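Residue numbers (UniProt numbering): 1 to 400.
All C-beta atoms in this analysis are idealised placements derived from N, C-alpha and C, irrespective of residue type, glycine included.
Nothing here was measured: the structure is a model prediction, and the numbers come from that model.
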Amino acid sequence: MDAFFASVELLRYPQLKGLPVVIGGSRHTPEHEAQLIAQWGSLDAIPVEAFPRLARYVGRGVITTATYPARQFGVGSAMGMMKAARLCPQAILLPIDFVRYRQYSRTFKDVILEMAPLMEDRGVDEVYIDFTLVPDGQHEGGRVLAASIQQRIFEKTGLTCSVGVAPNKLLAKMASEFNKPQGISIVMPQDVEHQIWPLSCRKINGIGPKAGAKLQGLGIVTIGELAAKSLPWLMQHFGKSYGAWLHAASHGQDDRAVVTESEPVSMSRETTFDSDLHAGHDKVQLGAIFTRLCERVAQDLQRKGYAGRTIGIKLRYANFKSVTREITVDAFTQDAGTIRRVAGQCLKRVPLEQSIRLLGVRVGCLVHWDASTQQAEGAVPVLPRKSTGKGDPLSLPLFD
DNA sequence: TCTGGGGTCCTAGGACCC
DNA sequence: TCTGGGGTCCTAGGACCC
């Protein structure tokens, strides 16, 4: 989806079309929306001058999305708000409304599922679609189906998206970036040399800041330069696994399937404080936040029907260094009190001299859970045996 | 310019078992 | 007097993605 969060906001504030708008910082609340409607009659009646500007923002947030006019100023997602404010102080700042974005996410994905049932969810604004067996999926290299998906999504939501069509997910993802917004790009295997090789390595999904910097240090900037390196050379510098992957990716090779079903591995809640807190001085406040995080994770587990037995915490110090601790217990749980108790044990094993900027709680090793019977549903992972095996005929040593 | 929140996967060492 | 080989699980950290 093109500038997804911002585009959803423009649907309710059409008067902001064409202007630099960024989403981030605070959360949308129904109360604030009600107040705006009371004041102006309707949301689309609010004059542009009345919207808050980025320049006024004070705090720790990051930009989640910027409209294309805002991107002209160098503002982009994941950028700190204070930096963005310097680059484009006049940009209009809107709070994040995840509830609404999820609704639009569900809608556009349902549109796609009607047209092409093999769809892999890649988050709130992105999917992979298998065109292979869809009627007309091969017409004009996929362009016809891509265009009709775009049109149906626009009819249902008023939102635009960009589509990349290619023989695998790696290339399709890259192709989808070529013509944003509202673009369609097709990459055939024989196009890799002239369409992919000139691009920066960082355009490959899976090469991030660290790998990108390491590659640059080795004199490799473009994908073509990466493709020119031998497999043994890459494995020598990046390890067997990642090296082999780099080699394949640089040649446009990717055999991952489109995965239509998946189970969650963990659920977590975390929060960054408005200002740093200290375990000694702010004990009461931290305790309340900690308990609240445990309650929220428990609530998430219960709502979605899961329980877990690995309970962990995350802590980020004022210097941005993070530590994690986790404990795996015998019994699965989705209970806030149990989570709080075990997470408390984790917290005891972490140094607390420094000030803290973030606290998080995580539950992993999940199973489907029936709250009424307090039992796992379906296949339960086998718990490791705690016994020494003494007296168990099946565990007699084969040799000494 | 100090950097959100929710995830996944990988690596590597140690415990423990046969 | 230093000592095999295979496996799984647990833990901590880190890279990366949306």
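So, are the CB atoms of residue i and residue j less than 8 angstroms apart?
i, j, result
"T260", "L93", "no"
"I196", "V165", "no"
"P189", "G224", "no"
"V297", "V363", "yes"
"P20", "C88", "yes"
"H263", "L358", "Per the sequence shown, the amino acid found at residue 263 is Glu instead of His. Not a contact, by the Cβ cut-off of 8 angstroms."
"V8", "Y104", "yes"
"residue 436", "C365", "Residue coverage of the chain in this structure runs from 1 to 400, which leaves residue 436 outside it and unanswerable."
Using 8 angstroms for Cβ pairs, my map puts residue i next to residue j. What's the rounded Cβ distance?
i, j, result
"A91", "L36", "About 19 angstroms separates the two Cβ atoms, so there is no contact after all."
"V124", "F4", "7 angstroms"
"K314", "T328", "16 angstroms between Cβ atoms; not a contact."
"A343", "V361", "5 angstroms"
"H251", "S355", "Incorrect: roughly 48 angstroms between the Cβ atoms, too far for contact."
"A116", "F131", "7 angstroms"
"L145", "G158", "So it is not a contact: roughly 21 angstroms between Cβ atoms."
"A66", "V58", "No, A66 and V58 are not in contact; Cβ-Cβ is about 19 angstroms, not under 8 angstroms."
"residue 404", "A249", "Outside the displayed range of the chain (1 to 400) lies residue 404, so it cannot be described from this structure."
Suppose you measure from the CA of residue i to the CA of residue j; what does that come to, to the nearest Å?
i, j, result
"R56", "I96", "17 angstroms"
"W40", "H28", "17 angstroms"
"S322", "R292", "20 angstroms"
"A78", "T64", "6 angstroms"
"S372", "V265", "22 angstroms"
"R256", "K169", "7 angstroms"
"G308", "A227", "43 angstroms"
"F98", "E33", "14 angstroms"
"S230", "F178", "28 angstroms"
"C161", "L133", "22 angstroms"
"G312", "V48", "45 angstroms"
"L215", "P232", "15 angstroms"
"K156", "E353", "54 angstroms"
"S42", "R12", "10 angstroms"
Just list the residues that DSSP pairs residue i with in beta bridges.
i, result
"K156", "Answer is none; K156 lacks a bridge partner."
"E326", "G312"
"S7", "Answer is none; S7 lacks a bridge partner."
"I129", "M119"
"H368", "Y306"
By the three-class DSSP mapping on this structure, what secondary structure does residue i have?
i, result
"P69", "helix"
"H278", "coil"
"residue 412", "Any answer about residue 412 is impossible in this case: the structure gives the chain only from 1 up to 400."
"M188", "coil"
"P14", "helix"
"T338", "helix"
"A166", "coil"
"S250", "helix"
"L93", "strand"
"G391", "The predicted model places G391 with a pLDDT of 36, which falls under 50 and marks its position as unreliable; any figure quoted below should be read in that light. Coil."
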